[in-house]
Structure formats: C-alpha cells, structure tokens
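Per the UniProt record's numbering, the sequence shown runs over residues 1 to 121. Where is the CB? At the ideal position from N, CA and C, for every residue including glycine. Note sheet for the following structure.
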Amino acid sequence: MSIRILIVDDATFMRMMIKNIVTKLGYEVVGEAENGKQAAELYSELKPDLVTMDITMPEMDGIEGVKAIKRIDPNAKIVMCSAMGQQSMVMEAIQSGAMDFIVKPFKQDRIAQAIERVMNR
Numbered sequence: 001m002s003i004r005i006l007i008v009d010d011a012t013f014m015r016m017m018i019k020n021i022v023t024k025l026g027y028e029v030v031g032e033a034e035n036g037k038q039a040a041e042l043y044s045e046l047k048p049d050l051v052t053m054d055i056t057m058p059e060m061d062g063i064e065g066v067k068a069i070k071r072i073d074p075n076a077k078i079v080m081c082s083a084m085g086q087q088s089m090v091m092e093a094i095q096s097g098a099m100d101f102i103v104k105p106f107k108q109d110r111i112a113q114a115i116e117r118v119m120n121r
C-alpha cells in the first residue's frame, strides 16, 4: 500500500515541487493545503499517513498547524519544511510534535530519507 501524503505550503510552486518529488518516489499525494488551518481540516477529512508542513504561512503558521493536527491525531506523522535560518522555529515545531524537518531548496534524497525515517517510527 502506498504512503498517502498531505502537502502544506502557502507557495503553489513549492507544493508542486514536493508533489513531483514524492510522486516520483512512489508516494501518493492525497491533498494540498495553503496554511495550517486548511491542513487541519484536510487532515480530519483525508487521514493521510504523513504531512509535509511549511513553517511560515499566512492565517495559521506551520507550528500552529502541527499543534492543530496533533489535537486531532496525537500519532500524526509530520515533517516540517523550512528555509535556511529558521532553526529556532524548527526546534519549536519539533517540540510541538513534528518528527523531522527538511530544508529548502528540497533535495529528493533528503525528502525520501525524512519520509522513510518518520514512517518507520
């Protein structure tokens, strides 16, 4: 069975980039969201196996998004996506329940590694 992924990023081209990489790796993208609020709503509806979550987004950022999803499902598997220089936010995201993080610009092998690591926990 394929791993089902929800991609969360406010930038359309970033979502497309991640989507291209994860589908190439053989995973299924079940949904996309532009912010943490949408992510939590879609998480309830789609029940994905894994979420990739951007940190900096309008309306509800990734850290709040992680907390919202963890309230819905304490076992949710979330990988944060951040730009360079957001280390303190990455630490906060991990304390909030994210299980790994990948730094932009994305590299296919790093995404594969993060997904495998999180799914095998």
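Along the length of the UniProt domain "Response regulatory" (4-119), whole beta strand (DSSP E) runs at least 3 residues long occupy 4-8, 28-33, 50-54, 78-82 and 100-103, reported in chain order.
Inclusion of residue 9 and residue 58 in the CB contact set at 8 Å is not warranted, their separation being larger than that value. About 14 Å separates the CB atoms of residue 94 and residue 52; that is not less than 8 Å, and the two are not in contact. Taking 8 Å as the cut-off, the Cβ atoms of residue 101 and residue 119 do not count as close.
At the C-beta level, residue 49 and residue 4 come within 8 Å of one another.
Contact between residue 77 and residue 99 is confirmed by a C-beta separation of about 6 Å, below the 8 Å threshold. Residue 2 sits close to residue 27, with the two beta carbons spaced by under 8 Å. For residue 61, the closest of 40, 112, 121 and 25 by C-alpha to C-alpha distance is 40.
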